[in-house]
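Residue numbers (our numbering): 44 to 374.
What follows is a set of notes on a single structure, which appears directly below.
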């Protein structure tokens with residue numbers, strides 16, 4: 044019986060709440076709507092509170108209740124994880140009510156909303172870049188605020204997300220076997236984020252990219268790429284001594300030195316073959332030139348003989364007199 048009574052009481056309470064929410068939604072009484080909205084806000088019923096706050100802007104415009112409606116609505120959206128809308132409302136509050144004592148808090152919450160709205164590293168990072176700008180703006184506007192103490196930490200966290208995305212994108216080129224693109228992309232990460240904590244991992248992939256590029260290089264670029272890879276192994280060992288990446292650099296340098304020696308032999312044999320081939324080509328060219336010359340001489344001789352015979356025939360025709368005239372004898 045006790046449980047039954049409690050159940051009825053709970054149903055009555057819910058029905059009462061629903062009834063009050065419905066009445067407030069249908070009411071045109073500003074004070075009644077505002078009271079119901081604030082009660083929902085206090086009870087952390089964010090969706091119900093937002094539904095009522097959305098009806099109030101025009102009703103409270105120009106009154107002392109206007110700042111509270113905007114401020115509470117922003118917080119309700121924040122707690123309901125509508126970060127983009129909440130950020131816009133907090134920012135609008137700090138601009139619309141510059142004399143309000145909560146202006147700094149609103150500016151901070153606006154920046155925090157952008158931070159919360161930052162997407163995962165593998166998604167588009169426009170929101171992350173925007174969040175960094177908003178946090179930096181708060182730091183610039185309120186450098187001595189207590190709320191500024193964790194801003195740099197948040198900025199570093201977001202910056203690392205951008206670094207990691209760039210690093211992952213570059214690493215994908217390596218995984219696809221496009222070592223030239225991987226090397227360029229990894230160097231771009233270091234240029235864009237000179238203080239990155241990912242430097243050891245980036246160096247490791249640059250080492251491997253240059254090594255693979257040197258081994259699989261075309262003949263004309265092999266020397267250059269071996270030297271580039273060797274130079275980078277020395278740079279890594281100098282910058283990061285006694286680290287795992289430095290050990291990798293030493294191991295790859297030993298392999299590259301062997302590759303360099305082997306290529307010297309290959310290049311010597313190749314140059315010898317090229318020289319021999321060039322010599323054969325020269326001889327063949329000389330033979331062809333001689334043959335062509337002989338054929339031309341024979342052709343010239345035949346043409347000369349034909350010309351001489353023609354001249355002889357023409358001369359004989361000129362020296363032969365025309366036949367004598369003949370007359371008939373009359374009878």
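Note that beta-carbon positions come from the ideal geometry of N, C-alpha and C, so glycine has one too.
Residue 303 is positioned such that its CB atom lies closer than 9 Å to that of residue 273.
Pairing residue 147 with residue 185 gives a Cβ-Cβ distance under 9 Å. The three-state secondary structure of residue 210, taken from DSSP, is helix. When secondary structure is reduced to three states using DSSP, residue 260 falls in the coil class, being assigned neither helix nor strand.
Selection 235, 237 and 251 evaluated against residue 217 yields 251 as nearest (Cα-Cα). Distance between residue 153 and residue 85, taken at the CA atoms: about 21 Å. Taking a cut-off of 8 Å on C-beta distances, the stretch 166–178 does not touch the stretch 214–231, as fewer than three cross pairs fall below it. Looking at 198, 183 and 206, the one whose alpha-carbon comes closest to that of residue 155 is 198. Residue burial is scored here from C-beta neighbours: residue 292 has at least 16 other C-beta atoms within 10 angstroms and is therefore classed as buried. Excluding its 5 nearest sequence neighbours in each direction, residue 110 has C-beta neighbours in its own chain below 6 Å: 140 and 143, listed in chain order.
The shortest CA-to-CA distance from residue 227 to any of 245, 241 and 238 is the one to 245. C-alpha of residue 324 to C-alpha of residue 332: approximately 12 Å in a straight line. Non-local beta-carbon contacts of residue 286 in its own chain, meaning distances under 7 Å to residues more than five positions away in sequence, involve 243 in chain order. Restricted to the stretch 114–153, not a single beta strand (DSSP E) segment is unbroken, complete and at least 3 residues in length. DSSP places residue 236 outside both helix and strand once states are collapsed to three, so it counts as coil.
In this model, residue 236 and residue 249 are separated by some 16 Å (Cα to Cα). Counting along the chain, residue 94 sits inside the alpha helix (DSSP H) bounded by residues 89–96. The alpha carbon of residue 102 has as its nearest neighbour, out of 310, 71 and 160, the alpha carbon of 71. Within the model, the alpha-carbon separation for residue 187 versus residue 181 is close to 11 Å.
For residue 168, there is no enclosing alpha helix (DSSP H), since its DSSP letter is neither H nor E. Judged by DSSP secondary structure, residue 100 falls within the alpha helix (DSSP H) whose first and last residues are 100–103.
Per DSSP, the continuous alpha helix (DSSP H) segment holding residue 82 begins and ends at 73–85.
The beta carbon of residue 275 sits closer than 7 Å to the beta carbons of 249, 250 and 253 from its chain, once the five residues preceding and following it are set aside; these are given in chain order.
In terms of Cβ geometry, residue 92 and residue 81 form a close pair [threshold 9 Å].
Taking the C-beta atoms as reference points, residue 232 is found nearer than 9 Å to residue 210.
It is roughly 53 Å from the alpha-carbon of residue 344 to the alpha-carbon of residue 261. In this structure, the CA atom of residue 89 is about 26 Å from the CA atom of residue 173.
Annotated three-state conformation of residue 195 is helix, per DSSP.
The beta carbon of residue 283 is closer than 6 Å to those of 289 in its chain, skipping five residues each way along the sequence. Assignment of residue 284 by DSSP, reduced to helix, strand and coil, places it in the coil class. With a cutoff of 9 Å on beta-carbon distance, residue 161 and residue 201 are scored as near each other. In the three-state DSSP reduction, residue 70 falls in the coil class, being neither helix nor strand. Assigned with DSSP and collapsed to three states, residue 241 falls in coil, not helix or strand.
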